[in-house]
Each structure stands twice: as C-alpha cells, then as structure tokens.
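*Asks:*
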Amino acid sequence: MSLLVVGATGTLGRQVVRRALDEGLPVRCLVRNFQKAGFLREWGAELVRGDLTKPATLVPALEDITQIIDAATTRANDAQRIRQVDWLGKVALIQAAERHGIQKFVFFSILGAEHFPQVPLMEIKYCIEKFLQQTSLDFTILRPAGFMQGLIGQYAIPILEGQSIWLTGEGCPLAYANTQDIARFAVKALTLPAASRQTFAIAGPKAYSPSEIVRQCERFSGKTARTANMPLGLFRFVRKMALAFEWGYGVSERMAFVEVLAGDRPLTADMAETHRVFGIDPDSLTTLESFLQEYYGFILRRLKELNYKEPKIKTPF
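Okay, so the sequence shown: first residue is 43 according to our numbering, each after it adds one.
This is the structure in structure tokens:
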C-alpha cells in the first residue's frame with residue numbers, strides 16, 4: 043500500500059502526512075515547490091513534482107500509488123484559482139485516479155457546502171462530491187466544519203496585538219476541529235470497509251460563536267479584545283459593491299465566505315455515528331479551550347523569553 047497526499051504543505055495536508063508516516067505508511071507528496079516542501083522530506087516522505095492545473099504532471103505522480111488523500115484547497119478569495127484548482131484540477135485528479143485503478147480516494151469537502159451555493163469554494167466542493175459519487179472509485183468524503191488552526195490568525199494574534207476584531211452580530215456557532223484530529227479520520231478511512239463510498243461530517247466537540255471565541259481568547263491571553271460590529275445588511279451591501287469592480291472580485295469572494303460565519307445556520311454535526319464507524323473515542327478529540335490554552339501558553343512563554351534576553355540599552359537621557 044502506497045499513499046499519495048495532495049495539498050501536503052497545507053494546514054491540513056501536513057498533518058495528514060505526519061499521521062500517515064507515524065502509522066508506518068509509505069507517503070508520497072504531490073508538490074509544486076520542492077524548497078517549500080523540504081520539511082516533508084525531512085519527516086520521511088517522498089516528494090514528486092506536480093500541479094493540479096497541469097494534468098500531465100499527475101501521471102508520473104500516480105505510478106505505484108494505491109491510495110490518495112486529497113487535502114488541497116484554494117484560498118477562498120480567488121475565484122479564478124478556485125475554478126482552476128478545486129474544479130478542473132480535482133476533476134483531472136479523480137479521472138486520473140480512476141484510470142490508474144486507485145484503490146481508495148479520500149476527499150475533503152466542507153460541512154454544509156450544499157447550503158451555500160453563493161460561496162464559490164463551497165459550491166465547487168459540493169460539485170466534486172457529486173462527481174466522485176458518479177465514478178467507480180472507492181471513496182470516502184470527509185466534511186470538516188472548520189480548522190482550529192485558522193483561529194490563530196483570525197482571533198488569537200489580533201487580540202494579542204491589540205488589533206480590532208470585526209464581528210457581524212452574534213454569528214453562527216461553528217464546531218472547529220483540530221487538523222491533527224481530522225488527519226486521524228482521514229488515515230483511518232484508508233483501511234475502513236465501513237467508510238467505503240460514504241460521507242462523514244467532522245466536527246469538534248462543541249460549537250462556538252465568534253463572540254464566544256473572543257471570550258476564550260481573552261481568558262487565555264489575559265488581554266481585552268477590541269471588537270467592532272458591522273451590521274450584516276451593510277456587510278452584504280459592501281460585498282455587492284465590490285463585485286462592480288474587477289479588483290473587488292477577490293474581496294467579494296472572501297466576504298461571501300465570511301457571510302457564512304455571520305449567518306444563523308450552525309455548522310456542527312452529531313458525531314456519534316462517525317465515532318462509532320471510525321472507532322475513535324470522542325474524548326480523545328481536542329477541545330477549543332485546550333487548543334487556545336496551549337497556543338497562548340506557548341506564545342506567551344516565548345515572548346517572555348525574548349523580553350528577558352533582550353539587552354538593555356543605556357541612553358543619555
């Protein structure tokens with residue numbers, strides 16, 4: 043059994059690679075830039091150059107491969123790139139996998155993607171789900187609600203640096219999951235007969251609204267967050283205005299995704315059946331509190347060390 047990981051340098055993909063290697067699997071990573079992916083080779087993975095937007099490069103990458111975990115995802119603010127990678131590129135990858143007789147294909151979608159056709163990335167993710175279901179591949183579709191790691195740049199760092207956090211009302215609760223936990227489900231799906239041609243939601247232990255996340259960050263950072271509220275109606279107006287300008291397309295795409303978080307549809311799921319099928323103890327999953335506590339504990343220690351080591355400069359004043 044040999045595994046190809048697509049999107050291996052990303053937030054989720056690198057955790058998939060690490061988990062697979064830890065379990066003794068031979069791992070090959072499809073990458074565009076060997077230099078940026080050097081850490082994967084140091085971990086023990088094989089690197090092969092390839093690009094989803096160049097289907098011809100996929101053929102040599104699939105040589106001797108029996109399984110694929112596709113963790114590649116384009117940033118939500120680039121509509122053209124989303125179409126090139128997440129639609130045309132994924133279709134090419136799936137078709138190549140089918141031609142090569144790949145025994146297992148694990149695909150990451152997004153929880154609730156079918157409910158948000160106005161968000162290009164979510165619409166295309168759902169279309170790929172449907173495309174996979176029409177193939178002869180043995181696939182497993184995993185639908186994470188969101189990554190805890192994404193909260194670092196969105197909330198944790200800005201609060202620590204005293205920057206403003208923009209909120210649109212209370213916002214929808216979202217059950218963020220640690221990418222390390224998501225990787226466990228992905229690697230387990232490779233050898234799980236009960237996951238064959240099935241779709242599973244992957245949600246964290248508890249759903250949190252944006253304001254609840256802010257409070258948790260305040261708790262563990264010891265800082266008071268600076269928040270500003272933008273009415274959802276104004277938010278939608280600004281997004282429509284951005285569409286009037288070519289430079290605004292990317293802005294509008296990103297705002298469309300933010301609007302999902304500002305809505306009233308909770309992005310969470312009952313994980314009881316998923317835990318039963320995968321045999322993963324729900325108590326072993328990372329909680330948001332423990333994730334933020336570990337992050338702030340580490341970063342605050344580092345800041346303290348840096349301040350301690352910083353030499354004092356005498357001034358003439």
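C-beta: ideal position from N, C-alpha, C; glycine also.
Nothing here was measured: the structure is a model prediction, and the numbers come from that model.
By the 10 Å Cβ neighbour count, where 16 or more other Cβ atoms means buried, how is D312 classified, buried or exposed?
*Replies:* For the purposes of this step, residue 312 is taken as the residue at position 270 of the sequence shown. Label assigned to D312: exposed.
*Asks:* May I have the straight-line CA-CA distance separating Q335 from Y197, to the nearest angstrom?
*Replies:* Your numbering for residue 335 matches position 293 in the sequence shown. Your numbering for residue 197 matches position 155 in the sequence shown. If I take the Cα positions, the gap works out to 13 Å.
*Asks:* Judging by CA-CA distance, which residue of G131, K172 and I111 is the nearest neighbour of L231?
*Replies:* Your numbering for residue 231 matches position 189 in the sequence shown. Correcting the residue type first, residue 231 is Ala in the shown sequence and not Leu. Checked all of G131, K172 and I111; the closest Cα to A231 is I111.
*Asks:* By how many angstroms is the C-alpha of I194 removed from the C-alpha of Q205?
*Replies:* Counting from 1 along the sequence shown, the entry for residue 205 is found at position 163. Counting from 1 along the sequence shown, the entry for residue 194 is found at position 152. So the alpha carbons of these two residues sit roughly 13 Å apart.
*Asks:* Could you say if the segment 59 to 74 and the segment 143 to 156 meet the contact criterion of at least three C-beta pairs nearer than 8 Å?
*Replies:* No, the segment 59 to 74 is not in contact with the segment 143 to 156.
*Asks:* Count the other C-beta atoms from every protein chain shown that fall within 10 angstroms of the C-beta of G264, then say buried if there are 16 or more, exposed otherwise.
*Replies:* Counting from 1 along the sequence shown, the entry for residue 264 is found at position 222. With fewer than 16 Cβ atoms within 10 Å of its Cβ, G264 is classed as exposed.
*Asks:* Look at A79 and L94 and say whether their C-beta atoms are less than 8 Å apart.
*Replies:* Mapped onto the sequence shown, residue 79 falls at position 37. Mapped onto the sequence shown, residue 94 falls at position 52. In this structure, L94 does not lie closer than 8 Å to A79 by Cβ.
*Asks:* Give the list of continuous beta strand (DSSP E) stretches no shorter than 3 residues that lie fully inside the segment 187 to 269.
*Replies:* Whole beta strand (DSSP E) segments, 3+ residues: 206 to 209 and 240 to 244.
*Asks:* Just verifying my parser: in three-state terms, what is the DSSP assignment at F10?
*Replies:* Because the chain here runs from 43 to 359, residue 10 falls outside it and cannot be looked at.
*Asks:* Are three or more beta carbon pairs between the segment 218 to 238 and the segment 161 to 179 nearer than 8 Å?
*Replies:* At 8 Å Cβ cutoff, the stretches do not touch.
*Asks:* With DSSP collapsed to three states, give me the class of Q176.
*Replies:* Position 134 of the sequence shown, counting from 1, holds the residue named residue 176. Looking at Q176 - three-state DSSP - the assignment turns out to be coil, as it is neither helix nor strand.
*Asks:* Residue range of the alpha helix (DSSP H) that D64 falls in?
*Replies:* Position 22 of the sequence shown, counted from the first residue, corresponds to residue 64. Taken as a continuous stretch (DSSP letters only), the alpha helix (DSSP H) holding D64 covers G55 to D64.
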